[in-house]
Amino acid sequence: MGEDQCQSISVDERVDCLQMHQDPCESAGCCWGPVERPSGANPPWCFYKDRKMLNCTLGADPKRPFSDAELDQVMKLFELNLDVQGTGQVVASPDHNTGPGGDYYFAWARDGALSMNAYLQTKPFPQSDEKMEKWIQSLEKAQHESDPNGINVLVEPKFLIPEGTPFTGAWCRPQNDAPGLRAITAMSYAAKKPSVNERVWSLVKQNLDWVVANYSSSTCDLWEEVRSEDFFWNRYSMRKALLMGSDFAKTVGKDQGRAHQYQQAAQAVTQMLSQHVINDYVIESNNRQKDTAVIEAFNVGDMEDGLFAPLSKEAVTTLAGLSQLYCRSFAINQQAAQSGVPGVLFGRYEGDSYDGGNPWVLLTASAATLLYRQALQATKMPPTGEVAQILGNLLGRTPSAQNLLGAGDAVMLLMKKYLVNGMHMNEQIDRNTGKMTSAQDLTWNYANVSLAESALINPWKFPVTLLGPRKSQHREEPAANLLRPRREAPCSGNKCAIDGEAMFPNGLPSVDPNRPLQSQRRLQEAMGSAKGAVSAAAVVGLKELRPGEVPKAALSRRSSPLEAQRETKSGAVSFKKLESDFGRKAASMLAAAVDPRKDLVRQQRSRFESAAELEHSAKRMRRLNELEQMDAAQEQMEELKKMKVRAYRCKTCYTTFDSERQRLRCQEEGHVVVQVEATKTRWECASCKFSEEVLDRQLPGCCRRCRGETWKQVPLRKLRRSAPMEKDMLLPRGEELPFLNSIPEMAGRRGWQKEAVDDYEGL
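Structure, rendered in structure tokens:
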């Protein structure tokens with residue numbers, strides 16, 4: 001019976017019995033079963049008969065992990081590690097003695113680029129401008145340093161603070177991800193501040209030229225432990241840098257040659273990425289397969305072009321696999337599962353042993369960020385098929401946008417549970433006790449936590465209204481209110497009432513007693529009755545009238561005393577009425593016929609006017625860049641004559657089509673329909689210029705418009721035909737017209753007509 005119990009427990013379900021040899025193991029009533037894995041993450045050989053690893057769940061209702069005050073504290077701790085000693089450098093951690101890691105008081109190139117990019121995204125611009133400018137200056141200095149280690153200074157892993165020179169001690173060199181990451185952050189900064197375009201272009205081309213020449217060279221991994229020529233983290237982040245760089249070279253550098261080089265290199269790197277997908281799971285490298293660096297790459301390198309998108313099968317499969325791995329690897333995850341607490345803490349990779357091989361704060365936040373991004377994508381296109389099934393198993397509930405949002409919150413809340421020293425975050429969380437350990441105040445932690453919490457509120461990227469509010473930590477809301485659609489305001493005629501509950505979910509704001517809400521409507525009525533008054537509140541320094549007194553200015557345009565008396569009896573506005581509606585001071589101004597909108601307060605100009613103009617300028621530049629990119633894409637499409645597309649082929653009708661309606665029609669009739677890859681082309685009738693899109697050259701027998709049978713292939717995108725210029729529509733006048741009309745059949749064929757009236761006759 002005991003032997004059967006041992007065999008019924010799979011290798012992944014084993015719970016360590018904490019015995020090192022077979023005899024004491026069996027004496028303790030446990031099972032003994034040696035097994036080894038190539039990855040080094042060996043399961044226990046001595047394990048309990050009656051215990052199994054529990055499965056963690058991410059199923060939870062949305063609940064905001066951090067309050068605004070806590071996020072402010074995170075940002076303050078984050079900023080303390082930026083521009084250290086006024087050098088513009090980013091310190092990895094202010095900790096000089098981290099244990100096995102030694103001194104962290106260096107400026108790591110990777111950490112700096114990622115942290116400044118996070119700072120740029122999470123800190124409102126231009127408040128982030130000063131530190132970004134200092135960081136750019138530090139790059140301009142460091143990239144012209146001579147390298148004492150015999151490699152290119154662009155791929156040095158870390159630099160001394162405050163000197164800014166490369167570290168000369170033994171280390172894993174080179175680290176090839178830094179040039180691409182620096183370029184991404186620098187170009188993102190230039191998008192917000194176009195005045196630095198030339199300086200940024202100088203930095204970007206230096207870094208990306210190196211990437212183009214060396215993207216397949218040997219390098220150290222993200223964790224500075226193993227070497228390879230093919231890390232997913234490097235490939236995916238380099239791809240983004242090259243694609244952004246290609247556009248930047250066109251629009252800013254005006255360098256078409258480099259733009260083409262960067263584009264070609266990006267295509268080559270993209271083709272290599274497919275080698276990292278095994279059974280829909282994305283591996284970091286052949287010598288480091290289960291690695292959370294892949295999750296970080298999904299967040300950092302995404303170009304929103306569909307490749308490894310948040311709800312792609314590869315991203316979902318990888319997230320689920322790593323979640324299961326760390327659920328069973330860390331005792332604190334098992335404790336949470338046993339207590340029914342949702343969430344998982346993520347580590348670096350399978351078999352990690354550095355400083356105990358614990359969960360990492362920055363990677364847990366990165367996993368939460370991916371879940372938030374999946375929630376946002378689910379609002380536009382809910383997951384289906386195998387993706388929905390994988391997510392359903394991971395969440396333990398339907399993979400809706402609301403539940404994915406709750407899953408991200410659950411991960412962050414479980415991590416926050418172990419923050420016992422305010423918002424101070426060490427590099428790792430002890431896998432058994434939950435105590436913060438290793439490097440203190442790690443900058444990368446604050447960067448990723450800030451990114452995770454801003455993933456749903458970035459106004460230029462993510463539409464928070466699609467997801468609705470989350471539960472506050474201090475005020476519970478019923479789950480039914482989450483993700484609820486916006487209610488339409490009740491309307492009557494052309495006027496609609498304001499839905500106060502929808503606009504102010506936390507309660508209506510208090511009403512100013514001097515400016516009640518109804519005063520907005522009565523203001524125009526008051527102004528119309530006063531005959532000379534103007535239309536708004538109050539100015540400072542005008543004399544006040546006695547209560548009940550109607551100023552002469554209000555009666556000056558009345559035609560007679562009788563009319564004045566009649567108007568007063570019929571409801572003319574008195575000072576007391578104005579005072580009750582708008583307050584005493586406002587009533588004085590209205591009665592004195594002074595425009596209150598021209599008071600001193602309203603004429604004050606904002607101190608941030610220049611910053612606002614700078615932001616407006618940046619928005620205009622971004623829009624112009626988008627339009628230029630759209631024009632360039634349209635030009636390419638106008639040259640494209642064929643492309644591969646997904647289509648359907650009916651084996652009964654012997655036709656190929658891409659219409660969902662046609663597919664459903666064939667299936668309803670019992671036809672066999674299969675999905676295929678087809679070649680789409682466009683053909684134009686030589687007679688009437690009518691064009692049709694064709695799959696696999698299945699040309700129709702004749703033109704549907706003119707019944708012509710001659711076709712010629714044309715670009716897939718119809719050429720733009722602009723409106724004719726005015727000069728092209730002018731008909732000849734004067735002496736030319738009689739000559740043209742004298743030519744036989746010319747007038748009828750060309751459309752010339754004789755003028756009925758001579759405009760110059762008699763002059």
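1 is the number of the first residue of the sequence shown in full-length UniProt numbering; add one for each residue after it.
C-beta atoms are modelled at their ideal positions from N, C-alpha and C, and glycine is treated no differently.
Note that the coordinates shown come from a computational prediction; the quantities given were computed from them, not determined experimentally.
Does the distance from the C-beta atom of residue i to that of residue j stay below 9 Å?
i	j	result
W108	P34	no
L370	A315	yes
N426	S438	yes
F125	A447	no
H260	S274	no
L325	K290	yes
K131	E163	no
P166	P179	no
A293	F248	no
V300	L114	yes
L405	A375	yes
T251	Q629	yes
Q334	C327	yes
E133	Q175	no
A367	L322	yes
Would you please state the rounded distance, in angstroms, between the beta carbons of residue i and residue j? I believe it to be under 8 Å.
i	j	result
P428	P359	One detail in the question is off: residue 428 reads as Gln in this sequence, not Pro. Their Cβ separation, rounded to whole angstroms, is 7 Å, which keeps Q428 and P359 in contact under 8 Å.
V411	L58	7 Å
residue 771	T443	Residue 771 cannot be examined here, being either before or after the span of the chain that is shown, 1 to 763.
A586	F575	Not really, about 11 Å apart at Cβ, beyond 8 Å.
L203	L139	6 Å
L451	A118	5 Å
T87	I161	6 Å
R682	L716	5 Å
L222	W233	5 Å
M423	V74	5 Å
Would DSSP call residue i helix, strand or coil?
i	result
L763	Bear in mind that a pLDDT of 43 at L763, under 50, signals an unreliable position, so the number given afterwards is only what the model happens to contain. Residue state, collapsed to three classes: coil.
D72	helix
W683	strand
F125	coil
P65	coil
R646	strand
L222	coil
D95	coil
W201	helix
R288	strand
A118	helix
Q374	helix
E304	coil
K193	coil
K254	coil
T384	coil
S228	strand
S691	strand
W32	strand
D658	coil
Counting only the same chain and skipping the five closest in sequence on each side, list residues whose C-beta sits under 8 Å from that of residue i.
i	result
N97	D103
L701	Residue identity check: residue 701 is Gly in the sequence provided, not Leu. Correct list, in chain order: E709.
residue 771	Nothing can be reported for residue 771, as the shown portion of the chain is limited to 1 through 763.
S691	R682, W683, E684, C685, V714 and K718
R705	C685, C688 and F690
In chain order, what residues of the same chain have a beta carbon less than 6 Å from the beta carbon of residue i, not counting five sequence neighbours either side?
i	result
N403	L395 and R397
P463	Because P463 carries a pLDDT of 39, less than 50, the predicted location of this residue cannot be relied on, and the following value inherits that uncertainty. So no residue of the chain qualifies.
N432	A331
V196	A190
R14	P43, P44 and F47
V200	A186 and A190
Using only the heavy atoms of the ligand GTP, determine whether one of them is closer than 8 Å to the beta carbon of residue i.
i	result
Y119	Inclusion of the ligand GTP in the displayed structure is not the case, the ligand content being empty and no account of it being possible.
Using a Cβ-Cβ cutoff of less than 7 Å, which residues in the same chain neighbour residue i once the five nearest sequence positions on both sides are dropped?
i	result
Q675	R646 and Y648
G343	L58, A336, A410, V411, L413 and L414
V212	Q261, Y262 and A265
G40	Here G40 scores only 49 on pLDDT, less than 50, and its place in the model should not be relied on; the value that follows carries that caveat. Once the five neighbours on either side are set aside, the close Cβ partners of G40 are G351.
V84	V91 and I161
K141	G164
R258	K205 and A249
With 9 Å set as the bound, which would you pick, yes or no: does the beta-carbon of residue i sit closer than that to a beta-carbon of chain D?
i	result
H671	Although the question refers to chain D, the structure presented lacks it and comprises just one protein chain.
Length-filtered (4 minimum) alpha helix (DSSP H) runs lying within the region 393-445
401-416
Complete runs of the beta strand (DSSP E) confined to the region 145-191 [at least 3 residues]:
none
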